[in-house]
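In this note's numbering, the protein residues as written are 10 to 555.
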């Protein structure tokens with residue numbers, strides 16, 4: 010007869026490549042009353058099971074002796090939102106140094122256990138985590154429903170109780186206020202936490218983020234740098250991100266690159282190496298880009314966390330350095346892993362065409378380019394478009410290449426990274442004199458469209474203003490600058506006309522959803538969502554128009 014305990018209803022997953030360890034851990038969980046236990050021997054099987062079933066507890070070995078280790082699996086699951094908020098993830102390791110390693114990563118497991126672990130140790134960790142889950146259940150339920158005002162209300166209830174979960178509730182409240190765009194209120198929360206415990210890194214970081222979100226970049230950098238220089242926060246990669254993002258917002262992409270390089274040195278994870286490599290490439294530091302991207306590729310090759318962009322950008326970097334054969338070989342070796350990805354095949358062809366052009370294989374380059382060209386329907390503000398444009402320019406198809414680069418800028422004219430890549434491509438292909446025409450003029454055309462729509466609004470031609478900005482959205486559906494302006498102009502139209510127009514409201518919601526996909530965790534999108542909420546609050550007392 011199964012043992013009945015507070016843990017009997019929990020379905021668990023054991024991720025370990027050793028059969029003996031699987032059996033041992035299953036026995037421990039059985040002693041704790043858990044009868045529903047699945048087992049996976051590698052990260053790939055674990056990821057598949059987690060997507061199919063709902064687990065309350067995952068015990069994962071850090072060293073899986075496979076292509077993907079436990080930490081990589083955990084970060085992949087968190088990044089892809091495969092783990093539900095109420096699923097506990099315990100890391101098991103034979104290395105006592107793992108705690109310091111885990112503290113410097115992007116995501117932290119709920120607990121870590123040293124081998125050989127016991128049922129009692131697992132039970133102790135479970136008890137603490139389940140107590141926390143119960144205490145914060147009302148908050149997490151509101152979070153799951155994306156009810157941010159509800160999250161704040163539930164946080165206030167926990168804070169009023171002044172129990173052991175006070176600081177956790179305070180941290181969640183600060184994070185929620187930032188998501189709502191209430192930066193000043195978030196600052197007040199973080200300052201109150203620091204008054205009680207000045208060494209709290211999460212409160213220091215939250216305060217820095219609040220300053221950045223408010224456009225106070227110098228204050229944000231100063232606070233984040235203080236974290237980096239402290240003993241408690243020297244490996245806090247999020248602090249490096251705040252500094253880099255503030256620098257980019259100020260237009261200093263070179264300085265941001267150096268900060269991201271430092272972060273990748275302090276925490277040499279594949280993600281950090283990828284970010285540093287991408288930044289180095291955009292800034293023209295090709296040797297550094299190659300170094301970091303090779304490390305990212307090596308760390309993730311054949312694993313669930315591998316990303317095709319790592320291989321493609323590394324190949325592009327190799328071509329730019331003149332390592333043509335090396336680039337073509339890299340693409341050929343990676344092709345089987347991405348055989349089901351149309352994007353990989355298309356971009357690989359464009360890069361291969363570049364390599365052939367550089368090697369003087371004109372006829373082969375034209376044939377390869379024809380295949381790559383056939384798969385691209387319309388230019389976007391992305392790497393595939395720029396890669397194809399570069400291939401066209403290198404093959405002597407100047408008009409086609411310039412047109413593609415122009416379309417990339419128009420697709421997202423306020424995106425500094427795409428403008429940086431386009432400018433670099435023009436310089437690399439001997440068309441530096443075209444930068445102003447392609448980049449500056451392309452952006453100016455879109456800015457004029459936006460200004461015209463806003464002028465119509467100022468002149469009280471509300472319907473014409475909405476029509477003008479909607480046409481811009483139709484022409485450039487992924488242009489984040491246009492989408493932000495369309496959201497704002499539609500909200501202003503709702504306010505000015507004082508009508509609860511369902512069609513317009515639904516349209517704005519669609520724009521915000523699109524923006525959050527194109528610009529995740531972006532401060533401008535957060536502020537625009539806040540503006541929409543405030544607009545809806547103003548309309549609540551107005552009559553409904555069907």
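We put the CB at the ideal spot given by N, CA and C, even for glycine.
- Query: Does residue 422 have its Cβ less than 8 Å from a Cβ in chain D?
  - Reply: Looking for chain D here will not work: only one protein chain is present.
- Alpha-carbon to alpha-carbon, residue 148 and residue 198: 17 Å
- Item | For residue 69, the three-state DSSP class (helix, strand or coil) | strand
- State the start and end residues of the unbroken alpha helix (DSSP H) segment that holds residue 209. Element bounds for residue 209: n/a, residue is neither H nor E.
- So, helix, strand or coil for residue 113, using DSSP? Here residue 113 scores only 47 on pLDDT, less than 50, and its place in the model should not be relied on; the value that follows carries that caveat. In this structure, residue 113 counts as coil in the three-state DSSP scheme.
- Query: Can you give, in chain order, each stretch of the alpha helix (DSSP H) that sits fully within the stretch 241-324 and has at least 4 residues?
  - Reply: 246-258, 262-275, 279-291, 295-309
- Item | Cut-off 6 Å between Cβ atoms - residues of its own chain near residue 178, not counting five sequence neighbours on either side | 164, 167, 168
- Task: Would you tell me roughly how many angstroms separate the C-alpha atoms of residue 261 and residue 65, rounded to the nearest one?
- Result: Between the alpha carbons of residue 261 and residue 65 lies a gap of roughly 45 Å.
- Item | Segment limits, alpha helix (DSSP H) that includes residue 102 | Element bounds for residue 102: not the alpha helix (DSSP H) but the beta strand (DSSP E), 97-102.
- Message: What would DSSP say about residue 499, mapped onto helix, strand or coil?
- Response: Correct three-state label for residue 499: helix.
- Message: If I follow the unbroken beta strand (DSSP E) through residue 120, where does it start and stop?
- Response: 120-123
- Task: Give, in chain order, every unbroken run of the beta strand (DSSP E) that is at least 3 residues long and sits entirely within the stretch 347-419.
- Result: none
- Message: Between residue 315 and residue 327, how many whole angstroms is the CB-CB distance? I'm expecting something under 8 Å.
- Response: 18 Å between Cβ atoms; not a contact.
- Measure the alpha-carbon distance for residue 125 versus residue 235 and round it to whole angstroms. The straight-line gap separating the alpha-carbon atoms of residue 125 and residue 235 is approximately 39 Å.
- Task: Would you mind sorting residue 257 into buried or exposed? The rule is 16 or more other CB atoms within 10 Å of its CB.
- Result: buried
- Sort out for me which residues DSSP pairs residue 23 with in a bridge. 48, 68
- Query: What's the gap between the Cα of residue 79 and the Cα of residue 89?
  - Reply: When rounded, the distance between both Cα atoms is 15 Å.
- So, helix, strand or coil for residue 509, using DSSP? Residue 509: strand per DSSP, three-state reduction.
- Message: By the three-class DSSP mapping on this structure, what secondary structure does residue 488 have?
- Response: Residue 488 falls in the coil class under three-state DSSP.
- Query: By a C-beta neighbour count over all protein chains shown, 10 Å radius and 16 as the cutoff for buried, is residue 136 buried or exposed?
  - Reply: exposed
- Rounded to whole angstroms, what's the CA-CA distance from residue 431 to residue 208? Just pull it up for me. 44 Å
- Message: Just to confirm my understanding: we take residue 544, look at its own chain, exclude 5 residues before and 5 after, and list those with CB closer than 7 Å. What are they?
- Response: 500, 503, 504
- Task: Could you tell me which of 24, 480, 533 sits nearest to residue 59, measuring between CA atoms?
- Result: Closest by alpha carbon: 24.
- Stretch-stretch touch, CB-based, cutoff 8 Å, three pairs: the stretch 235-246 with the stretch 219-227: no
- Residues of its chain near residue 527, where Cβ-Cβ distance is below 7 Å and the 5 sequence neighbours each way are ignored: 487, 489
- Message: Is the beta carbon of residue 406 closer than 8 Å to that of residue 364?
- Response: no
- Query: Cβ atoms of residue 374 and residue 341: under 8 Å apart, would you say?
  - Reply: Judged by beta-carbon spacing, residue 374 lies beyond the 8 Å limit of residue 341, meaning their Cβ atoms are not closer than that value.
- Task: Can you tell me the Cβ-Cβ gap for residue 322 and residue 287, rounded? I've got them flagged as a contact below 8 Å.
- Result: Yes, residue 322 and residue 287 are in contact; Cβ-Cβ is about 7 Å, under 8 Å.
- Item | Beta-carbon gap between residue 381 and residue 417 smaller than 8 Å | For residue 381 and residue 417, no; Cβs fall outside 8 Å.
- So is residue 63 buried or exposed if we call it buried at 16+ other beta carbons inside 10 Å? Burial check for residue 63: the Cβ neighbour count within 10 Å stays below 16, so the residue is exposed.
- Query: With 16 as the cutoff for other CB atoms within 10 Å, does residue 29 come out buried or exposed?
  - Reply: exposed
- When the Cα of residue 171 is compared with those of 285, 395, 537, 144, which residue comes out closest? 144
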